[in-house]
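Asker: Pasting a structure below so you can have a look.
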Amino acid sequence: MTKKSIVSLSALAAALSATMVAPAFAEGTSIKSKTGKSEVVFYGQINRGILFADNGTEDEVFFVDNDNSSTRFGFEAKHSAGALSFGAKLELQVESNSTGGGIDFGNTNGSLGISERVADLYVSGAFGKIFLGQGSSASDGSSEADLSGTGVVAYSGIGDLAGTLSFNNSGGFGVTVGDVFSNFDGLGRNDRLRYESPSFGGFTFGASIASDDAFDIAANWAGEFDGFEVAAAASYVDPGDASGVDEQYSASASILLDNGLNFTVAGGEQELAAGGPNPTFGYVKAGYQADIFSVGKTAFSVDYYEGDDVGFAGTESTSYGIAAVQKFDDLGLEAYAAFRNYEFDSAANDDDLTAVLLGARLKF
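If you're matching positions, the sequence shown starts at 1073 in the working numbering and goes up one per residue.
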């Protein structure tokens, strides 16, 4: 990256932050339902940034939607009936120039993508909670327990920062970051039937079934103790007959100390239906949160990812990154900056890919 590029990006980031310092709606604003029998909440976020990337042969500047936590909006309706609560949730993702899809070197203007994130009905009571429709599976997030405060721009799903950008390959085929970096995060969001148990001492358990004979089971734990806070998750997944994967395992854990230090680990493995080496990944992260400014927490982190046979047998994918996030609590705003280096070791690949992302997320 040239000094001129760095200065230009810094100026653009400052301008972006300045334009977003304005009054924000209260997060989760209630509106009146047509029937008058439900509480309806409107919510959302906009997450935009400037991405500079270099694959050793080409470099580009992109104006992007940050796919680590995409731009979205939604409605949730809640209704109580005695000991039971009923609800419905509709959430859409609206991304223009997503870091996770559509952009690449030589193509700085990706398409506008509008997609369904959640279209869900649920009922909850003393028995737990049952969901029906499109939404998170029980295992969604099992690789992503993270108390660092920098998850908006750096977490175990490191491919989200530059997913469709291509490595410089001497072999002539276009391997992208997203092809060879994965955190095996359960079944993700799906059309499914899901059960989630009540909390037992901070533990919750869940299971989902989906089409194509896919199913999962998961456990989560969260707790606050004298001097620290913890979060952990683990899952087992059968992704279904057409996935090419027989079984998948993933887990993650994170601890935040009262002094601001925090540590995160994650890992996973897939067993392929066709045999061969099983893809695996591991992820470690160390961070620090501090009250440097009165407007909100400042968080820093460094992390490292290593994947074996992810996407292609006999390959290794490694990445390291640094990130900083500044919260503006009264505005519902986070400003962030991150640097990441991606390395893909194969017979055809020559150069690392580096990326810098500067941006802000505003929640409403």
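Cβ atoms here follow ideal geometry from the backbone N, Cα and C, with glycine treated the same way.
What you are looking at is a predicted structure, and each value in this text was computed from that prediction instead of being measured.
May I have the straight-line CA-CA distance separating Y1355 from A1153, to the nearest angstrom?
Answerer: Their Cα atoms are separated by approximately 44 Å.
Asker: For the alpha helix (DSSP H) containing L1251, name the first residue and the last one.
Answerer: Here residue 1251 turns out to be Asp, not Leu, going by the sequence shown. Taken as a continuous stretch (DSSP letters only), the alpha helix (DSSP H) holding D1251 covers V1249 to V1252.
Asker: Kindly list the residues whose CB is nearer than 7 Å to the CB of I1298, restricted to its own chain and excluding five residues on each side of it in sequence; keep chain order.
Answerer: Sequence check: residue 1298 is Asp here, not Ile. If we look at D1298 and ignore the five residues flanking it on each side, it has no Cβ neighbours.
Asker: Where does G1383 sit, in a helix, a strand or coil, going by DSSP?
Answerer: Three-state result, G1383: coil.
Asker: Can you tell which of N1140, D1137 and V1309 has its C-alpha closest to the C-alpha of S1209?
Answerer: Among N1140, D1137 and V1309, the Cα nearest to that of S1209 belongs to V1309.
Asker: What first and last residue would you give for the beta strand (DSSP E) that runs through L1237?
Answerer: Careful: L1237 lies outside any beta strand (DSSP E) and carries neither H nor E.
Asker: Give me whichever residues DSSP pairs with R1412 in a beta bridge.
Answerer: Paired residue(s): G1393 and A1427.
Asker: If you drop the 5 nearest sequence neighbours on each side, which residues of the same chain put their C-beta closer than 6 Å to that of D1330?
Answerer: So the list reads G1299, once near-sequence residues are dropped.
Asker: Below 8 Å, how does it come out for the stretch 1223-1233 and the stretch 1281-1296: are there three or more Cβ pairs, yes or no?
Answerer: Contact between the stretch 1223-1233 and the stretch 1281-1296 is absent, because fewer than three Cβ pairs lie under 8 Å.
Asker: So, with DSSP's three-state summary, where would you put G1260?
Answerer: Coil at G1260, not helix or strand.
Asker: Within 8 Å, do at least three Cβ pairs link the stretch 1248-1266 to the stretch 1163-1170?
Answerer: With the cut-off at 8 Å, the stretch 1163-1170 and the stretch 1248-1266 do not touch.
Asker: Quick check on the burial criterion: 16 or more other C-beta atoms within 10 angstroms. Buried or exposed for D1284?
Answerer: Exposed, because fewer than 16 other Cβ atoms sit within 10 Å of the Cβ of D1284.
Asker: Quick one: is G1431 buried, meaning 16 or more other Cβ sit within 10 Å of its Cβ, or exposed?
Answerer: Its Cβ being crowded by 16 or more others within 10 Å, G1431 is buried.
Asker: In whole angstroms, what separates the C-alpha of E1269 from that of F1199?
Answerer: Reading the sequence as shown, one finds Ser at residue 1269 and not Glu. C-alpha separation (whole angstroms): 7 Å.
Asker: Less than 7 Å separating the beta-carbons of H1151 and K1201?
Answerer: No, these two residues do not count as a Cβ contact at 7 Å.
Asker: Considering only the alpha carbon of each residue, which of K1104, S1366, L1425 and F1384 lies closest to D1402?
Answerer: Taking only the C-alpha atoms, the option nearest D1402 is S1366.
Asker: In chain order, what residues of the same chain have a beta carbon less than 6 Å from the beta carbon of Y1392, not counting five sequence neighbours either side?
Answerer: Correct list, in chain order: Y1376 and N1413.
Asker: Alpha carbon to alpha carbon, how far is V1397 from A1279?
Answerer: If I take the Cα positions, the gap works out to 34 Å.
Asker: Take K1357 as the anchor and find which of D1318, G1348, N1334 and K1106 has the nearest alpha-carbon.
Answerer: For the residues D1318, G1348, N1334 and K1106, the minimum Cα distance to K1357 belongs to N1334.
Asker: Excluding sequence positions up to five away, which residues of its chain have a Cβ less than 6 Å from the Cβ of S1389?
Answerer: These residues qualify, in order along the chain: V1252, F1253, G1379, V1382 and F1416.
Asker: Using the beta-carbon count (16 or more within 10 Å), is S1214 buried or exposed?
Answerer: Label assigned to S1214: buried.
Asker: Identify every run of the beta strand (DSSP E) within the stretch 1309-1351, keeping only runs that are complete inside it and at least 3 residues long; order them along the chain.
Answerer: Qualifying beta strand (DSSP E) stretches, in chain order: 1317-1329 and 1333-1344.
Asker: Thinking C-alpha only, which one of V1302, F1203, N1240 and A1282 is nearest G1274?
Answerer: Comparing Cα positions, the closest option is V1302.
Asker: Going by other Cβ atoms of all chains shown within 10 Å of its Cβ, with 16 needed for buried, is F1272 buried or exposed?
Answerer: Result: exposed.
Asker: With DSSP as the reference, please indicate the residues paired to A1149 in a beta bridge.
Answerer: V1112 and A1160.
Asker: Take A1346 as the anchor and find which of S1322, A1323, A1385 and A1325 has the nearest alpha-carbon.
Answerer: The shortest C-alpha separation from A1346 is found at A1385.
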